[in-house]
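Input: a single structure, listed below in structure tokens.
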Amino acid sequence: MKIEDYLKSLPENIVSGEDVQLTNKSFREIFEFVNLGGKDNFYHLGCGDGKGIVIALEEYHVNNAIGIDNDENKIKQAKNNLIEKNLSAKLICEDIQNSDISDATVILFWFTDEKIINTMMKKFEKLNPDTKIITIWGPLSYCLPEKVKFPYIINKIPLKKASSLQEQILAIFGVKCIDFVTAWEFAERYTKAIGSTVENDRFLTIIQTLTIWINAKNLGVSCGDEIPESIKTYINIMKTHFDIDFEYLLQE
Ligand SMILES: C[S@@+](CC[C@H](N)C(=O)[O-])C[C@H]1O[C@@H](n2cnc3c(N)ncnc32)[C@H](O)[C@@H]1O
């Protein structure tokens with residue numbers, strides 16, 4: 001089975017990320033990294049149940065917290081969570097593509113849908129200088145990150161365009177080329193930051209490692225021409241024990 005077919009077999013809401021919530025630990029790591037504080041107008045786009053908004057208000061004492069989500073039930077839940085804590089914030093039920101975010105100083109934006117990203121890029125480009133947009137796993141399209149604490153990435157206005165995908169990738173990983181160790185280390189950081197259960201961590205890390213390394217190889221930014229022994233071993237393990245094929249992804 002090709003890796004894409006395996007991913008297609010997983011529940012739609014999991015793969016789309018629709019029902020994936022960041023953990024409180026992740027929110028705190030992100031807020032520390034972006035140095036969130038009393039002067040900030042913080043926007044959480046796709047705020048879900050509002051846990052990020054609660055933490056931004058309670059622990060980081062932001063000037064304003066605005067949560068936007070197009071799911072009515074999630075916004076209801078977010079409102080309840082805030083009432084329970086006696087906190088006040090603007091919680092808006094709408095498509096973020098229609099939102100006014102012009103007074104933002106810090107934005108948390110974790111979306112992979114290309115159409116949404118393209119629409120939002122036009123809004124982001126018009127934001128005030130020094131506004132920070134935090135993305136997860138990769139920077140905004142065709143942009144160089146301002147700061148990286150993988151998997152968290154700060155993009156800063158005005159956005160800096162990358163001259164190539166290769167330059168963008170090497171900026172994310174902060175290396176001259178990507179070897180097995182880098183791919184594994186970054187894959188592990190991602191699973192640890194995003195994962196909520198521990199049982200499948202190793203499996204996810206292997207999938208992420210192979211994806212990172214194979215993409216790097218195909219883009220010409222892996223170290224050396226040979227496929228490292230560890231990558232070969234993991235490709236074999238995935239094939240033999242899980243019937244998941246990665247080899248076909250390797251371009252000649
Ligand atoms: C972390 S976001 C990412 C999901 C998205 N499908 C993606 O990867 O591009 C998930 C949250 O965003 C919300 N959401 C998804 N699309 C949205 C939109 N167009 N406007 C506002 N909220 C949205 C969902 O209800 C959910 O709470």
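In this text, residue positions in the sequence shown follow my numbering: the first is 1, and each later residue adds one.
Just so it is clear, CB atoms sit at the ideal spot from N, CA and C, and this is done for glycine as well.
Closer than 7 Å: residue i CB and nearest ligand 1 heavy atom
| i | result |
| --- | --- |
| residue 69 | yes |
| residue 20 | yes |
| residue 23 | no |
| residue 113 | yes |
| residue 46 | yes |
| residue 156 | no |
| residue 137 | no |
| residue 76 | no |
| residue 97 | yes |
| residue 134 | no |
| residue 110 | yes |
| residue 116 | yes |
CA-to-CA distance, residue j to residue i, given in whole angstroms
| i | j | result |
| --- | --- | --- |
| residue 250 | residue 227 | 10 Å |
| residue 171 | residue 183 | 14 Å |
| residue 178 | residue 135 | 21 Å |
| residue 214 | residue 185 | 15 Å |
| residue 246 | residue 210 | 8 Å |
| residue 253 | residue 24 | Residue coverage of the chain in this structure runs from 1 to 252, which leaves residue 253 outside it and unanswerable. |
| residue 157 | residue 131 | 5 Å |
| residue 168 | residue 222 | 14 Å |
| residue 180 | residue 230 | 7 Å |
| residue 70 | residue 233 | 44 Å |
| residue 85 | residue 216 | 46 Å |
| residue 244 | residue 187 | 18 Å |
| residue 137 | residue 126 | 23 Å |
| residue 248 | residue 176 | 26 Å |
| residue 54 | residue 95 | 21 Å |
Contacts around residue i, its chain only, beta-carbon distance under 8 Å, and the 5 residues preceding and following it disregarded
| i | result |
| --- | --- |
| residue 165 | 219 |
| residue 29 | 149, 152 and 193 |
| residue 174 | 148 |
| residue 49 | 21, 74, 77, 78 and 81 |
| residue 72 | 93 |
Cutoff 6 Å; reference residue i; Cβ partners in own chain excluding five residues on either side
| i | result |
| --- | --- |
| residue 147 | 154 |
| residue 31 | 60 |
| residue 139 | 145, 153 and 155 |
| residue 97 | 119 |
| residue 103 | 41 |
| residue 235 | 246 and 247 |
Cβ neighbours of residue i in the same chain (closer than 7 Å, five flanking residues each side left out)
| i | result |
| --- | --- |
| residue 111 | 46 and 117 |
| residue 57 | 65, 87 and 89 |
| residue 121 | 140 and 141 |
| residue 36 | 42, 56, 60, 62 and 106 |
Exposure of residue i, with buried meaning 16 or more beta-carbon neighbours within 10 Å
| i | result |
| --- | --- |
| residue 62 | buried |
| residue 67 | buried |
| residue 91 | buried |
| residue 190 | buried |
| residue 10 | exposed |
| residue 237 | exposed |
Beta carbon proximity, residue i to chain D, threshold 8 Å
| i | result |
| --- | --- |
| residue 231 | Among the protein chains of the structure shown there is no chain D, as only one such chain exists. |
Residue closest to residue i, alpha-carbon to alpha-carbon, out of the options
| i | options | result |
| --- | --- | --- |
| residue 105 | 94, 84 and 44 | 44 |
| residue 65 | 51, 230 and 208 | 51 |
| residue 21 | 78, 8, 99 and 35 | 78 |
| residue 206 | 39, 12 and 242 | 242 |
| residue 128 | 235, 94, 159 and 96 | 159 |
| residue 108 | 73, 204, 2 and 26 | 26 |
| residue 239 | 122, 203, 212 and 119 | 203 |
| residue 123 | 141, 99 and 142 | 99 |
| residue 143 | 161, 19 and 236 | 161 |
| residue 257 | 12, 101, 133 and 237 | Residue 257 lies beyond the residue range present for the chain, which begins at 1 and ends at 252; the question has no answer from this structure. |
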